[in-house]
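Protein chains in written order, with full-length UniProt numbering: chain A, 1 to 240; chain B, 1 to 240. Input: a single structure, listed below in structure tokens.
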């Protein structure tokens, strides 16, 4: 029986969060036809805006994919935080999770897993600028590129989804297949300015921006805002 | 005056080719509002299929963006090769190029630049599996992550578009801005199995697959097929 890898699509998400792992795991289906990939959204006719000028269309509705073997939830900025209160999305994650082998997220997508109650007592990660929010969902924040905790696999910000998905491909189909996917998408990174300098003064400087983004996105959700701003975790913009 | 960065969208392209640089250069507009980003396609209502289950919608028609300052052309597999004969796309590239400061491509998108006559006498790159095709368009094939030759900037396969776009962001707006974009998309790569091993026996083994892909895609274009299969360059699947 074909196992379904379902990506969640919702308005305002960051397209690279979705498309990085989507390209990797669609590559997986070429080498291992026991998997298929779908993109699930509230409907398949209304394009979802993103935080770029590109609009995206799902291949399936949430209802059409009730029991995926693998779930991948992308993140984003303000719209993702607002989506913490979107029961059509969070409800689908909550209902699909118990029968899934892997529930994965990229970037702030892990907060959606948290809203679905999936991070209680788990180690998890998210975008560095929002890691302080994880304890509000019962999670222990971890500064790693991806974090595995039982069936839950959370990736760090945006581009980390590619690394996480290659790790997942190796787990699902073996290292040889993961290497072939990596070769086909020529993922042999050469960041022109090198890696990120986590000691850069830029980083803490972004803290107030993330804090403000959360407050704006959750202005209509006072209970949720109070919950996440209790701040049991590190401060906004604390990289490590 | 706002300078426009226009991404080309066409049916069957590889979404990561487009979305990697799109996420980077949309990030640029947040730090340098003298730039705007658009996604240009034949029309804005018909979703473009991709080589994944995701469908994409353009924000503008080609006609609406006749003179972008920067052009970015993504690649893909068979549909991109078939698009070498798509005059609505290739004609737009040809007409927009003379007034553009930068004409960029990702992966096999460089072949579309070639079809528009933009690679004559230039060093260029593309996906490793198709680099042998570049001499048919008058280009000298180069095995680098990205290659600059006057206004033409070509990137290697798929994921190379992220590196190329960060380089371009630094060129357009300075290294400090490029570093901020890199931080926001958390591009601090950790490929789980390390980088690509270019000496792997897998690589040459893919040669016949690329050769067959080209022959299938250009079956209806005998003149173009004859031109690209004259093979003045390296063999299909020759990585270096």
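From the three backbone atoms N, C-alpha and C, an ideal C-beta is built for every residue, glycine too.
The beta-carbon separation of residue 52 (chain B) and residue 26 (chain A), rounded to 4 Å, stays under the 8 Å limit for a contact.
Residue range 109-115 is occupied by the alpha helix (DSSP H) that includes residue 112 (chain A). For residue 163 (chain B), the neighbours in chain A by C-beta distance under 8 Å run, in chain order, 189, 190, 191 and 192.
CA-CA distance, residue 32 (chain A) to residue 30 (chain B), rounds to 40 Å. In the three-state DSSP reduction, residue 34 (chain A) falls in the coil class, being neither helix nor strand. Along the segment 157-213 of chain B, the alpha helix (DSSP H) occurs as fully enclosed runs of 4 or more residues at 160-173, 175-184 and 201-205, listed in sequence order. Around the CB of residue 213 (chain A), 16 or more other CB atoms lie within 10 Å, so the residue is classed as buried. Look at residue 14 (chain B): its C-beta is under 8 Å from a C-beta on chain A. A direct Cα-Cα distance of roughly 20 Å separates residue 229 (chain B) from residue 157 (chain B). Only 37, 38 and 39 from the segment 29-44 of chain A bring a Cβ to less than 8 Å from some Cβ of chain B.
For residue 157 (chain B), the chain A residues whose C-beta falls within less than 7 Å of its own C-beta are 185 and 186, listed in chain order.
DSSP, reduced to helix, strand and coil, places residue 104 (chain A) within a strand of the structure shown. By the Cβ criterion, the segment 3-14 of chain B is in contact with the segment 59-77 of chain B, since at least three pairs of Cβ atoms, one from each stretch, lie closer than 8 Å. Out of A:198, A:131 and A:174, the CA that lies nearest to the CA of residue 210 (chain A) is found in A:131. Using a C-beta cut-off of 8 Å, the segment 180-194 of chain A makes contact with the segment 184-198 of chain B, since at least three inter-stretch Cβ pairs fall below that distance. Annotated as proximal: residue 54 (chain B) and residue 22 (chain A), with beta-carbon spacing under 8 Å. Boundaries around residue 92 (chain B) are those of the alpha helix (DSSP H), 87-96, since no beta strand (DSSP E) includes it. For the options A:48, A:167 and A:10, the alpha carbon positioned closest to that of residue 87 (chain A) is the one of A:10. Assigned with DSSP and collapsed to three states, residue 73 (chain B) falls in strand. At a cut-off of 8 Å, the C-beta of residue 3 (chain B) has no neighbouring C-beta in chain A. Ranking A:122, A:126 and A:95 by CA distance to the CA of residue 105 (chain A) puts A:126 first. If you draw a 10 Å sphere on the C-beta of residue 150 (chain B), you find fewer than 16 other C-beta atoms in it, and that means exposed. At a beta-carbon threshold of 8 Å, none of the residues of chain A lie near residue 211 (chain B); the nearest stands roughly 15 Å away.
Contact with chain A is found for residue 22 (chain B), since one of that chain's Cβ atoms lies less than 8 Å from the residue's Cβ. For residue 218 (chain A), the secondary structure class from DSSP, reduced to helix, strand or coil, is coil.
In terms of Cα proximity to residue 89 (chain B), the closest of B:75, B:102 and B:197 is B:75.
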